[in-house]
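Asks: Our numbering puts the first residue of the sequence shown at 2, with every later residue one more than the last.
Don't be surprised by glycine CBs; every beta carbon is placed ideally from N, CA and C.
Just so you know, these numbers come straight off a predicted model, no measurement behind them.
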Amino acid sequence: MSLQFADFNADGHEDIVTAIWEGTVFLLPGSADGFGQPEYIRDAKDELIILSRFYDVKARAYVSTDESKPVEHLVSGMVWDWDKDGDLDLILGAKDGQVYLRLNEGKAGAPKFASENTPLLAGGKKFNVPGGSTAPRTVDWDGDGLTDLVCGSFKGGAYWYRNVGKAGAPVFASPVALVKPVQAKNAGPETGWYVEPTDFDGDGDLDLVIGGFFTQHPKARQLSTAEKKRLSDVDAELTRLDKKWRNQYTAIREKTKGDQDAFTEKYTAWNREKEVQQMNAERRKLRAEQLELRPRSKRQSGVWLYRRRDEAGDPAQPSRNGG
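#1: How many Å lie between Asp-260 and Glu-73 at the Cα?
#2: Taking Arg-231 as part of the alpha helix (DSSP H), name the residues at either end of that continuous run.
#3: Which word fits Gly-203, buried or exposed, when buried means at least 16 other C-beta atoms lie within 10 angstroms of its C-beta?
#4: In angstroms, rounded to a whole number, what distance separates the CA positions of Asp-44 and Glu-276?
#5: By Cβ distance, which residues of its chain are closer than 7 Å to Thr-199, with the 5 residues on each side in sequence left out?
#6: CB-CB under 8 Å to Asp-57, same chain, minus the five flanking residues each way: which ones, in chain order?
#7: Tell me where the beta strand (DSSP E) around Glu-197 begins and ends.
#8: How long is the line joining the alpha carbons of Phe-264 and Glu-23, rounded to whole angstroms?
#9: From which residue to which residue does the beta strand (DSSP E) around Phe-214 run?
#10: Counting along the chain, where does the alpha helix (DSSP H) carrying Lys-181 start and finish?
#11: Would you tell me roughly how many angstroms separate the C-alpha atoms of Gly-110 and Leu-49, rounded to the nearest one?
#12: Determine the direct distance from the alpha carbon of Val-235 to that of Lys-229, and round the result to whole angstroms.
#13: With 16 other CB atoms within 10 Å as the buried threshold, where does Thr-269 fall?
#14: Going by beta-carbon coordinates alone, are Val-183 and Gly-157 separated by less than 8 Å?
#15: In this structure, does DSSP put Thr-265 in helix, strand or coil?
#16: Just the C-alpha distance for Ala-20 and Ile-42, rounded to the nearest angstrom, thanks.
#17: Count the other CB atoms, across all protein chains shown, that sit within 10 Å of the CB of Glu-293; report buried if there are 16 or more and exposed otherwise.
#18: Going by DSSP in three states, Val-277 sits in which element: helix, strand or coil?
#19: Does the stretch 83–90 come within contact of the stretch 98–110, defined as at least 3 CB pairs closer than 8 Å?
#20: Does the Cβ-Cβ distance between Phe-155 and Thr-135 come in under 8 Å?
#21: Helix, strand or coil for Asp-315, going by three-state DSSP, please let me know.
#22: Measure the alpha-carbon distance for Ala-188 versus Ser-298 and round it to whole angstroms.
#23: Would you list, in sequence order, the uninterrupted beta strand (DSSP E) runs of no fewer than 3 residues that lie entirely inside the stretch 8–90?
#24: Per DSSP, what kind of secondary structure is Leu-104 in: helix, strand or coil?
#25: So is Val-165 buried or exposed if we call it buried at 16+ other beta carbons inside 10 Å?
#26: Helix, strand or coil for Gly-146 per DSSP?
#27: Thinking C-alpha only, which one of Val-180, Leu-179, Tyr-162 and Lys-181 is nearest Val-172?
#28: Thr-66 to Leu-52, Cα distance in whole Å?
#29: Short check: CB of Leu-121 to CB of Tyr-101, under 8 Å?
#30: Would you identify the three-state DSSP class for Asn-272, choosing helix, strand or coil?
#31: Have a look at Ala-159 and Ala-33 and give me their C-alpha separation to the nearest angstrom.
#32: Using the beta-carbon count (16 or more within 10 Å), is Ala-313 buried or exposed?
#33: What does the Cβ neighbour count give for Asp-47, buried or exposed, with the cut at 16 atoms within 10 Å?
#34: CA-CA distance, Val-130 and Asp-97?
#35: Please confirm whether Leu-102 has its beta-carbon closer than 8 Å to some beta-carbon of chain C.
Written out as structure tokens, the structure is:
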């Protein structure tokens, strides 16, 4: 999920455009008083903007629109005047790496998006971000006056798709790795790269700000005899409570099998019971103590700055700086 600020409805106020885990695209309209309630962005037929797989809120399940098509789940949405006709079109990113276009056949402030997803090409082949696309960003990376795409990858890496077409008719070259996936531990973001090109240091060229995940590997300390005994007791009690919780949860699942609404009602009521709340509080307390005595690797999120390196005249070679 990645937010974009844009004047979607052409009223002079910045709005927010984003795709979410459902596999749909949302608008949060802006005004002088702030942002309004989120609303679905729909096509000219008043249908949801989706790819071939999305979460059906009413059915409470992921569904495929066409079993004959590859399963593609929309995870990013952004607007851009693709054809330079004065209105904003939609660029959609799939989790597996594909990127699609929905042309706006309406006008600024009154969009009518096409009902079909047009696949974008890169280097003459179907767009496919290595490692899966988190979210594309529009930017003139090489300063030639044409808007390029820069994409982050779920498996790490930032990729530049140079626009070798012309204004109003983009054509993208094969991807160039601006930053390759990090291989060494604690050397930078490992997965889930969300990329934002910006002149961070004000030196006149574009840098990359990258949000992502890394794994923290804490070093275990030597425990005393008393601490080893306490850890053993904590493990045993946590195992007992976890089993008790699972048994009660499974019982609710079995009683409401096939009825999601009934399950939600019973599960919510069960979670509100005083005994269950006390059990969960004790489990959280024991887990915290367990991690203190036996630390485990843990996924963390962070933000990194990769400064642009232009000495060699190559616009595709930023260098990592800080984390």
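Replies: The structure says:
#1: Within the sequence shown, residue 260 is the residue found at index 259, counting from 1. Within the sequence shown, residue 73 is the residue found at index 72, counting from 1. For the pair Asp-260 and Glu-73, the Cα-to-Cα distance works out to about 28 Å.
#2: Position 230 of the sequence shown, counted from the start, is the residue given in the question as residue 231. That run of the alpha helix (DSSP H) goes 226–256.
#3: In the sequence shown, the residue the question calls residue 203 occupies position 202. Exposed, because fewer than 16 other Cβ atoms sit within 10 Å of the Cβ of Gly-203.
#4: Here residue 44 corresponds to residue number 43 of the sequence shown, with the count starting at 1. Here residue 276 corresponds to residue number 275 of the sequence shown, with the count starting at 1. Rounded to the nearest angstrom, the two C-alpha atoms are 49 Å apart.
#5: Translated into the one-based positions of the sequence shown, residue 199 becomes position 198. Leu-207, Asp-208 and Val-210.
#6: Mapped onto the sequence shown, residue 57 falls at position 56. Answer for Asp-57: Tyr-63 and Val-64, listed in chain order.
#7: Start at 1 with the first residue of the sequence shown, and residue 197 comes out as number 196. DSSP places Glu-197 in the uninterrupted beta strand (DSSP E) bounded by 192–199.
#8: Position 263 of the sequence shown, counting from 1, holds the residue named residue 264. Position 22 of the sequence shown, counting from 1, holds the residue named residue 23. Approximately 21 Å, taken between the alpha carbons.
#9: Residue numbering aside, residue 214 sits at position 213 when the sequence shown is read from its first letter. Where Phe-214 is concerned, the enclosing beta strand (DSSP E) stretches over 208–217.
#10: Residue 181 sits at position 180 when you count from the first residue of the sequence shown. Careful: Lys-181 lies outside any alpha helix (DSSP H) and carries neither H nor E.
#11: Your numbering for residue 110 matches position 109 in the sequence shown. Your numbering for residue 49 matches position 48 in the sequence shown. Answer to the nearest angstrom: the Cα atoms are 18 Å apart.
#12: Translated into positions along the sequence shown, residue 229 becomes position 228. Translated into positions along the sequence shown, residue 235 becomes position 234. Rounded to whole angstroms, Lys-229 to Val-235 spans 10 Å at the Cα level.
#13: If you number the sequence shown from 1, residue 269 lands on position 268. If you draw a 10 Å sphere on the C-beta of Thr-269, you find fewer than 16 other C-beta atoms in it, and that means exposed.
#14: Sequence index remark: in the sequence shown, residue 183 carries index 182 (1-based). Sequence index remark: in the sequence shown, residue 157 carries index 156 (1-based). A contact, by the Cβ cut-off of 8 Å.
#15: For the purposes of this step, residue 265 is taken as residue 264 along the sequence shown, with counting starting at 1. The three-state reading of DSSP puts Thr-265 in helix, counting H, G and I together.
#16: For the purposes of this step, residue 20 is taken as the residue at position 19 of the sequence shown. For the purposes of this step, residue 42 is taken as the residue at position 41 of the sequence shown. Answer to the nearest angstrom: the Cα atoms are 10 Å apart.
#17: Within the sequence shown, the letter at position 292 stands for residue 293. So Glu-293 ends up on the exposed side.
#18: Locating residue 277 in the sequence shown gives position 276, counting from the first residue. Helix, per DSSP.
#19: With contact defined as three or more Cβ pairs closer than 8 Å, the stretch 83–90 and the stretch 98–110 are in contact.
#20: By one-based count along the sequence shown, residue 155 stands at place 154. By one-based count along the sequence shown, residue 135 stands at place 134. Cβ distance < 8 Å, so Phe-155 and Thr-135 count as in contact.
#21: Locating residue 315 in the sequence shown gives position 314, counting from the first residue. A caution first: Asp-315 carries a pLDDT of 47, below 50, which makes its placement in the model unreliable, though a value can still be read off. The answer is coil: DSSP assigns Asp-315 none of H, G, I, E or B.
#22: Your numbering for residue 188 matches position 187 in the sequence shown. Your numbering for residue 298 matches position 297 in the sequence shown. Spanning the two alpha carbons is a distance of roughly 16 Å.
#23: Unbroken beta strand (DSSP E) runs of no fewer than 3 residues, entirely contained in the stretch 8–90, are found at 16–20, 26–29, 54–57, 62–65 and 75–81, following chain order.
#24: On the sequence shown, residue 104 is found 103 positions in, with the first residue counted as 1. Collapsing the DSSP output to three states places Leu-104 in coil.
#25: Along the sequence shown, one-based indexing puts residue 165 at 164. Classification of Val-165: exposed, given that the 10 Å Cβ count is below 16.
#26: Here residue 146 corresponds to residue number 145 of the sequence shown, with the count starting at 1. In this structure, DSSP gives Gly-146 a state outside helix and strand, which the three-state scheme calls coil.
#27: Position 171 of the sequence shown, counted from the first residue, corresponds to residue 172. It is Tyr-162 whose Cα lies nearest to the Cα of Val-172.
#28: In the sequence shown, residue 66 corresponds to position 65, counting from 1. In the sequence shown, residue 52 corresponds to position 51, counting from 1. Taking the straight line joining both Cα atoms gives about 8 Å.
#29: Within the sequence shown, the letter at position 120 stands for residue 121. Within the sequence shown, the letter at position 100 stands for residue 101. Yes; because the gap between Cβ atoms is below 8 Å, this pair is in contact.
#30: To locate residue 272, count along the sequence shown from 1; it is residue 271. In this structure, Asn-272 counts as helix in the three-state DSSP scheme.
#31: On the sequence shown, position 158 is the one that residue 159 refers to. On the sequence shown, position 32 is the one that residue 33 refers to. Taking the straight line joining both Cα atoms gives about 36 Å.
#32: Position 312 of the sequence shown, counted from the start, is the residue given in the question as residue 313. Below a pLDDT of 50, predicted positions are generally treated as unreliable, and Ala-313, at 38, falls in that range; the measurement from the model is reported next regardless. By the neighbour-count rule (16 or more Cβ atoms within 10 Å), Ala-313 is not buried but exposed.
#33: Reading the sequence shown from its first residue, position 46 is the one you call residue 47. By the C-beta density criterion, Asp-47 is exposed, having fewer than 16 other C-beta atoms within 10 angstroms.
#34: Taking the first residue of the sequence shown as position 1, residue 130 is located at position 129. Taking the first residue of the sequence shown as position 1, residue 97 is located at position 96. If you take the alpha carbons of Val-130 and Asp-97, they lie about 8 Å apart.
#35: Absence of chain C from the displayed structure is noted, only one protein chain being present.
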